[in-house]
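Asker:
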Amino acid sequence: MSVMDKIRSRRSCRKYDPKPVPKETIMQLIEAARLAPSGRNLQPWFFYVVTNMERNQKIGKEIEPRLIESVPAYAGAAEKMGVSNMLFYDAPVVIYCTIKKDGIDTKELDMGLALENLMLVAEELGLGTVPVGWAKVYGTDIVTKELEIPDDEQFIISMCVGYPDKSVTRSPKDRHEVVAKFFE
Ligand SMILES: Cc1cc2nc3c(=O)[nH]c(=O)nc-3n(C[C@H](O)[C@H](O)[C@H](O)COP(=O)(O)O)c2cc1C
């Protein structure tokens, strides 16, 4: 299967099998992220990998009321989905991603490239993923405190990882048709 096949088949996963993901497998994902390109090759990323589900649930439950206050439609959604909170979907692994505060303006883009590598390799290994921006928007202070993220790093996004629940069916991607204009 080509990289393009994986790009086409990857979808965000919001329902996970609780089965643990072996550490070596997680390391393959981190390795894919580590090898990403970055502006001036500064490699501004760092990854806090939490495989303790209770800890992730605690963080998610602390953040969730803020999310619901801002987006009331999410009230009761976790219960309907059968998960403890709407942040991390009870994924067995949550990777909390930080970038160095100093450096250059491409840092967030660098992290995006690293995480796309990670998600595509996860797809290749039969794992599901979903980036969780809400954790940053509503929970930067909570995550920073809980994981003791140092002052010179900025929490930027979380990434859920795990084996997809077998009942998950993937609908086709919803994408704009025209995203480029050619000048020939
Ligand atoms: C930067 C970023 C932040 C995201 N944050 C969330 C989030 O907080 N919660 C969530 O369920 N999905 C989140 N997603 C997943 C998007 O909703 C998803 O990628 C998009 O709907 C396209 O669907 P697909 O990933 O299945 O192709 C995020 C994706 C990106 C790239």
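Take 505 as the starting number for the sequence shown in our numbering and just add one per residue.
Ideal Cβ positions, reconstructed from N, Cα and C, are used throughout, including at glycine.
Only a predicted model underlies this, so the values are computations on that prediction, with no experimental measurement involved.
CB-CB under 8 Å to glutamine 532, same chain, minus the five flanking residues each way: which ones, in chain order?
Answerer: Along the sequence shown, one-based indexing puts residue 532 at 28. Hits under 8 Å: Val625, Leu629.
Asker: Across which residues does DSSP place proline 668 in a beta bridge pair?
Answerer: Numbered from its first residue, the sequence shown carries residue 668 at position 164. Note: proline 668 sits in a beta bridge opposite Tyr520.
Asker: At a cut-off of 6 Å, is arginine 515 close to ligand 1 when judged by its beta-carbon and the heavy atoms of the ligand?
Answerer: Counting from one through the sequence shown, the residue named residue 515 turns up at place 11. Result yes, Cβ under 6 Å from ligand 1.
Asker: Flag tryptophan 638 as yes when its Cβ comes closer than 6 Å to any non-hydrogen atom of ligand 1, and as no otherwise.
Answerer: Position 134 of the sequence shown, counted from the first residue, corresponds to residue 638. Answer for tryptophan 638: yes, Cβ within range of ligand 1.
Asker: If you draw a straight line from the alpha carbon of valine 553 to that of leucine 619, how long is it in whole angstroms?
Answerer: As a position in the sequence shown, residue 553 is number 49, starting the count at 1. As a position in the sequence shown, residue 619 is number 115, starting the count at 1. Cα-Cα distance, rounded: 13 Å.
Asker: With a cut-off of 8 Å, do at least 3 Cβ pairs link the region 630-641 to the region 660-667?
Answerer: The answer is yes - the region 660-667 touches the region 630-641, with three or more Cβ pairs under 8 Å.
Asker: Determine, using beta carbons only, whether glutamine 658 and isoleucine 608 come nearer to each other than 7 Å.
Answerer: The count along the sequence shown starts at 1 and reaches residue 658 at position 154. The count along the sequence shown starts at 1 and reaches residue 608 at position 104. It is not a contact, given that the beta carbons lie outside the stated cut-off.
Asker: Within a Cβ cutoff of 7 Å, which residues of the same chain sit near proline 541, ignoring the five residues on either side of it in sequence?
Answerer: As a position in the sequence shown, residue 541 is number 37, starting the count at 1. Once the five neighbours on either side are set aside, the close Cβ partners of proline 541 are Leu617.
Asker: Pull up the DSSP beta-bridge partners for tyrosine 600, would you.
Answerer: For this step, residue 600 is matched to residue 96 along the sequence shown. Paired residues: Tyr552, Ser662.
Asker: How about aspartate 645 and aspartate 521: are their beta carbons less than 7 Å apart?
Answerer: Taking the sequence shown and counting its residues from 1, one reaches residue 645 at position 141. Taking the sequence shown and counting its residues from 1, one reaches residue 521 at position 17. Not a contact, by the Cβ cut-off of 7 Å.
Asker: From the beta carbon of glutamate 583, is the nearest beta carbon of chain D less than 7 Å away?
Answerer: Absence of chain D from the displayed structure is noted, only one protein chain being present.
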